[in-house]
Amino acid sequence: MGMGSYSLDNRAARSQAEGYSSRSIQEIFSQREINRAMNPHGIKFREARDSEEHPESVAIILGLDVTGSMGSIPHHLVREGLPKIMGRIIQSGTKDPQLMFLAIGDHEYDRSPLQVGQFESSDDLLDKWLTNVYLEGGGGGNTGESYLLAWYFAAFHTSIDCFEKRKKKGFLFTIGDEPTLPDIPANDLRLIMGEGQSSYHAAALLDKARESYHVYHLHIKQTYAGSMQETMDGWKQLLGDHLIVLESHEEVSTVLPEIIAEVTHADGTHGGSAATGTSSVSKTEIIL
């Protein structure tokens, strides 16, 4: 995976042809059950690899809460957010981003609490994985959603060259408006992933994911659940300044690339002309 490049010109043409700006969320996200290709059961690894085309790959995971009103986030990404994110990441000097979508539900209530794409570089494949997401819209009357599954999957089921070859961490973002559920029992994890699982607390999974990823949570404040101070306080206790509170989900496409740029420029990693904020990618591919 990770072949091809991200062209905003091609993406704009596809958006017009597919009617992304005018079609409803139900029309774009037509899955009525989990797509077989996104079922995590039995997956060993998702890989973000260097190649001749992308010699300095940067693994980026975007874990989207798809419960309730949070289905508005993937809809926003399809309509306009994703090309802004990719264009700005490339413009800021990260030449070879490889992005993977995860869709997050509630392992206590939902049939499909985790959906998994692939690390991709090209506009067409990223659109394919994003629009293949099943918006189950579930969740339950418990204390949160299964954001910890994103940490689990990143920690135990990804293999990324940026860290394994160059000791440069990837990026993992979860996005939603609820607390994370505090733990996942081995039995539940076995149903989701397959045999040979253990029980985990959220904090332990977060620490494990942090070994190879810069981990952030983008908390959406605009919903009733998101506006609760105790929810934000809980995230703050877990993540410190890696909790980013947003008034609206539309801010994701601005804030996420800014975080990657700040971290990348601070430690001088991941190539490109980071010091000047320019990129070696052709202008036609990154004009916003």
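Using the numbering used here, the first residue of the sequence shown is number -16, and each one after it goes up by one.
Glycine included, each C-beta is placed from N, C-alpha and C at the ideal position.
These figures come from a predicted structure and were not determined experimentally.
- Short of 8 angstroms from the beta carbon of Ser182, and not among the five residues preceding or following it, lie these beta carbons of its own chain, in chain order: Asp166, Ile167, Pro168, Ala169, Leu172.
- Within a 10 Å sphere around the beta-carbon of Gln220 sit fewer than 16 other beta-carbons, which makes this residue exposed.
- In the DSSP assignment, Gln74 falls within the alpha helix (DSSP H) that extends over 65 to 74.
- With three or more CB-CB distances shorter than 8 angstroms, the segment 107 to 116 counts as touching the segment 52 to 64.
- Setting aside the 5 residues that flank it on each side, Phe139 is surrounded in the same chain by Lys191, each with a C-beta closer than 8 angstroms to its C-beta; the list follows chain order.
- Within the model, the alpha-carbon separation for Arg29 versus Ser142 is close to 6 angstroms.
- Distance from the Cα of Glu63 is smallest, within the candidate group Ser(-2), Leu229, Ile8, Leu201, for Ser(-2).
- Taking the C-beta atoms as reference points, Gly(-13) is found nearer than 8 angstroms to Ser104.
- With 16 or more other Cβ atoms inside 10 Å of its own Cβ, Ser236 counts as buried.
- Rounded to whole angstroms, the separation of the alpha carbons of Glu39 and Asp250 is 15 angstroms.
- Per the DSSP secondary-structure output, Ile227 pairs in a beta bridge with Leu201.
- In this structure, the beta-carbon distance from Gly51 to Gly120 falls below 8 angstroms.
- Rounded to whole angstroms, the gap between the alpha carbons of Ile72 and Lys78 is 8 angstroms.
- Apart from the 5 residues on each side of it in sequence, Gly25 sits with its Cβ closer than 8 angstroms to the Cβ of Met176, Gly177 in its chain, given in chain order.
- Burial of Lys152 is indicated by the presence of at least 16 other C-beta atoms within 10 angstroms of its C-beta.
- For the pair Phe156 and Leu239, the CB atoms are nearer than the 8 angstroms cut-off.
- Using a Cβ distance threshold of 8 angstroms, Gly159 and Tyr130 count as a contacting pair.
- Contact between Leu164 and Glu91 holds, with the beta-carbon distance rounding to 7 angstroms and staying under 8 angstroms.
- Residue pairing for Gln9: DSSP places it in no beta bridge.
- Annotation: the segment -11 to 41 contains the following complete segments of the alpha helix (DSSP H) (minimum length 4 residues), in chain order: -9 to 1, 8 to 11.
- In this structure, Met21 and Val99 form a Cβ contact; the two beta carbons are roughly 6 angstroms apart against a cut-off of 8 angstroms.
- If you ignore the 5 residues before and after Ala86, its C-beta comes within less than 6 angstroms of the C-beta of Leu47, Val49, Gln98, Val116, all in its own chain and listed in chain order.
- According to DSSP, Glu128 shares a beta bridge with Thr163.
- In the structure shown, Met176 falls within a helical segment according to DSSP collapsed to helix, strand and coil.
- For the options Val246, Ala31, Ala133, the alpha carbon positioned closest to that of His184 is the one of Ala133.
- Annotated three-state conformation of Ala86 is strand, per DSSP.
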